[in-house]
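Chemist: Take a look at this one; I'll ask things after.
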Amino acid sequence: MKADLMRTKHEKIRVHILNSAIKVVGRHGYAKATMARIVEEAGVPYGSIYLYFHGHQDILSKLLPMVNDTLRATIRERSGKAKTFMDHEAVSFDVIFEQAPAKFGKQRVFAEAPFFVPQAYDAYLERMAKSYIRLMHKCKQRGEISGVNEEDFGTIAYSLMGAKQFLVRKYIISKSEPCDVPPHVRHTYLGMVEKILLVN
Numbered sequence: 750m751k752a753d754l755m756r757t758k759h760e761k762i763r764v765h766i767l768n769s770a771i772k773v774v775g776r777h778g779y780a781k782a783t784m785a786r787i788v789e790e791a792g793v794p795y796g797s798i799y800l801y802f803h804g805h806q807d808i809l810s811k812l813l814p815m816v817n818d819t820l821r822a823t824i825r826e827r828s829g830k831a832k833t834f835m836d837h838e839a840v841s842f843d844v845i846f847e848q849a850p851a852k853f854g855k856q857r858v859f860a861e862a863p864f865f866v867p868q869a870y871d872a873y874l875e876r877m878a879k880s881y882i883r884l885m886h887k888c889k890q891r892g893e894i895s896g897v898n899e900e901d902f903g904t905i906a907y908s909l910m911g912a913k914q915f916l917v918r919k920y921i922i923s924k925s926e927p928c929d930v931p932p933h934v935r936h937t938y939l940g941m942v943e944k945i946l947l948v949n
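Residue numbers (my numbering): 750 to 949.
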């Protein structure tokens with residue numbers, strides 16, 4: 750019992766440090782997300798950081814998986830009643846745009862990851878693509894997706910991921926003030942996806 754409590758406390762502090770590092774990257778970028786800034790943001794003693802991570806690079810390499818897990822968990826929770834591929838895609842679109850504002854720091858983690866933690870970024874892309882592909886296979890088996898060959902699912906998955914990231918960049922990140930995505934952008938994106946997949 751005591752060991753379980755210790756593990757729980759350890760994990761809470763570890764997650765807190767990662768969330769603090771995400772905020773630091775959001776403000777300063779990976780290049781200036783120093784250990785000193787992360788420790789200050791987290792409010793933990795400098796030396797104690799090594800109880801949870803091997804070092805600075807270890808922390809940075811875990812930020813993208815952390816952001817990805819958080820987004821996926823929110824999408825799963827929100828899409829619990831989703832019945833179609835388009836239902837899932839609408840939830841995914843909404844969650845990504847809701848989490849995109851600079852105050853969360855998550856989008857900068859995504860944007861700079863290919864340059865600073867390329868292995869973590871490649872693993873993230875592969876994991877997201879596989880999730881998309883599994884969903885498309887299920888939908889095709891149900892007869893929901895009728896006009897796309899299964900060998901094209903990978904291409905479609907990467908295209909959908911890229912499209913959302915570029916739209917976030919255009920309509921959220923590039924703005925000096927916080928804003929919502931224009932309704933016509935959401936409508937156009939989802940309409941495009943529906944036409945590509947010929948969802949019934």
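Just so you know, even glycine gets a beta-carbon here, dropped at the ideal spot from N, CA and C.
1) Can you grab the Cα-Cα spacing for the pair Ala-780 / Arg-825, in whole Å?
2) Can you grab the Cα-Cα spacing for the pair Gly-775 / Thr-819, in whole Å?
3) Within 10 angstroms of its Cβ, does Arg-857 collect 16 or more other Cβ (buried), or is it exposed?
4) Going by other Cβ atoms of all chains shown within 10 Å of its Cβ, with 16 needed for buried, is Val-764 buried or exposed?
5) Quick check: the Cα distance between Leu-800 and Ser-841, rounded to an integer number of angstroms?
6) Using the rule of at least 16 other Cβ atoms within 10 Å of the residue's Cβ for burial, across every protein chain shown, is Lys-832 buried or exposed?
7) My understanding is that Ile-771 touches Ala-791, with C-beta atoms under 8 Å, so please give their C-beta distance in whole angstroms.
8) Identify which residue in Arg-821, Lys-944, Glu-838 and Val-816 has its Cα closest to the Cα of Gly-896.
9) Assuming the contact rule is C-beta atoms closer than 8 Å, Ser-769 and Ile-787 should be a hit. Round their C-beta distance to whole Å, please.
10) Compute the Euclidean distance between the alpha carbons of Gly-854 and Thr-937, then round it to the nearest angstrom.
11) Does the beta carbon of Leu-916 come closer than 7 Å to any beta carbon on chain D?
12) Bridge partners of Ile-945, per DSSP?
13) Going by the DSSP bridge assignment, what does Ile-808 pair with across the sheet?
14) Measuring CA to CA, which of Val-942, Pro-932, Glu-893 and Ala-869 is closest to Leu-809?
15) Give me the Cα-Cα distance between Ile-921 and Gln-914, rounded to the nearest whole angstrom.
16) Near Lys-889, what residues of its chain come up, given a Cβ to Cβ distance below 7 Å and the 5 sequence neighbours on each side ignored?
17) Kindly indicate which residue of Gly-778, Val-773 and Ile-762 has the alpha-carbon position closest to the one of Phe-864.
18) Residue ranges of each beta strand (DSSP E) run of no fewer than 3 residues wholly in the region 810-871, ordered along the chain?
Modeler: The relevant details are as follows:
1) 32 Å
2) 16 Å
3) buried
4) exposed
5) 35 Å
6) exposed
7) Contact flag wrong, Cβ pair sits at about 11 Å.
8) Lys-944
9) 6 Å
10) 27 Å
11) This model lacks chain D altogether, as it is built from one protein chain only.
12) Ile-945 pairs with nothing; no bridge assigned.
13) Answer is none; Ile-808 lacks a bridge partner.
14) Ala-869
15) 10 Å
16) Glu-899
17) Gly-778
18) none
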